[in-house]
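What follows is a short report on a single structure.
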Amino acid sequence: QKEVEQNSGPLSVPEGAIASLNCTYSDRGSQSFFWYRQYSGKSPELIMFIYSNGDKEDGRFTAQLNKASQYVSLLIRDSQPSDSATYLCAVPGGTSYGKLTFGQGTILTVHP
Amino acid sequence: DTAVSQTPKYLVTQMGNDKSIKCEQNLGHDTMYWYKQDSKKFLKIMFSYNNKELIINETVPNRFSPKSPDKAHLNLHINSLELGDSAVYFCASSQDYGTGEQPQHFGDGTRLSIL
């Protein structure tokens, strides 16, 4: 089993819809979880992080964490064409000295 | 002002050459990282330094040698370049390393192409 697994997509949603991106992880000791957005040819940009079970909202983005199920998701409400990018889930290990393990990324396309 | 800056942005070179990539951060962070992103966009950590001390050294060929002259700089030297080294190399930094809860901020990447 991969340490961090995402559906690679591509995921295509119409403008204005909710995009749902999913991530599962194998290390039960993981305490914090990050979502990065990467536009084509650009660097990863942190958009959300979550430490506690439940939901965390920031504007149109909501991160959801379920540690019992080892599952973290990112919802994008009112999706816009500018949200089209690759979304990377990243999980640190418990004593990993800052090592982040990234999923393979989910390619999201929002079409007008 | 760029927070994490890398040079060069593009690097095209012949197989067998030696090249270096430089990284600087002005965020006052203690920890810096090198990542490699392959053609399938998979991002994988290579090295990490905390305040000039090596703390992560993943399974990377010893042709790759990082150097940190101070905590704001982390350079990557690659000897005897091979075709498989073609990738985008990202530098990143975080406040500290702790248990990995600090978010990491990435530079714009160096696109290395081996001919």
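Chains as they are written, first to last, in our numbering: chain A, 444 to 555; chain B, 17 to 131. Quick reminder that beta carbons are idealized off the backbone N, C-alpha and C, glycines included. Predicted, not measured: the structure shown is a model, and the values here were computed from it.
Cutoff 8 Å: residue i Cβ touching any chain A Cβ
i      : result
B:K57  : yes
B:S102 : no
B:F80  : no
Helix, strand or coil at residue i according to DSSP, with G and I counted as helix
i      : result
B:G100 : helix
B:P77  : coil
B:S110 : strand
A:D526 : helix
A:G459 : coil
B:E69  : strand
A:E448 : strand
B:K25  : coil
B:D54  : coil
A:S512 : coil
B:L128 : strand
B:H121 : strand
A:P453 : coil
B:Q30  : coil
B:K60  : strand
A:A533 : strand
B:N84  : Per the sequence shown, the amino acid found at residue 84 of chain B is Ser instead of Asn. In the structure shown, B:S84 sits in a strand (DSSP, three-state: E or B).
A:A506 : strand
Start and end residues, beta strand (DSSP E) containing residue i
i      : result
A:R480 : F476 to Q481
B:Q41  : K35 to Q41
A:L551 : T549 to H554
A:D501 : G497 to D501
A:E488 : E488 to I493
B:L90  : H89 to I94
For residue j and residue i, believed in contact at Cβ under 8 Å, the rounded distance
i      : j      : result
A:K485 : A:I493 : Between A:I493 and A:K485 the Cβ distance is about 23 Å, and since that is not below 8 Å, they are no contact.
A:V456 : A:S522 : 5 Å
B:F122 : A:P487 : 5 Å
B:T47  : B:Y113 : 5 Å
A:T552 : A:S527 : 5 Å
Residue i at chain B interface by Cβ criterion, 8 Å
i      : result
A:P524 : no
A:T549 : no
A:G541 : yes
A:T467 : no
A:L454 : no
A:T529 : yes
Near the ligand COA: residue i beta-carbon under 7 Å from a heavy atom
i      : result
A:E458 : For the ligand COA, the structure offers nothing, since it holds no ligand at all.
_Beta carbons nearer than 9 Å to chain A: which residues of the stretch 35-59 of chain B have them?_
Using a CB distance below 9 Å, the part of the stretch 35-59 of chain B facing chain A consists of T47, Y49, Y51, Q53, K56, K57, F58 and L59, ordered along the chain.
*Which residues, in order along the stretch 492-512 of chain A, keep a beta-carbon less than 8 Å from a beta-carbon of chain B?*
Of all residues in the stretch 492-512 of chain A, only F492 and Y494 place a beta-carbon less than 8 Å from a beta-carbon of chain B.
*Pull out every residue of the stretch 473-491 of chain A whose Cβ sits closer than 9 Å to any Cβ of chain B, in chain order.*
Shown in chain order are the members of the stretch 473-491 of chain A whose Cβ falls below 9 Å from a Cβ of chain B: S473, Q474, S475, F477, Y479, Q481, G484, K485, S486, P487, E488 and L489.
*asked:* Against chain A, which members of the stretch 57-77 of chain B pass a CB distance test of less than 9 Å?
replied: Flagged, chain order: K57, F58, L59, K60, I61, S64, N66, I71, I72 and E74.
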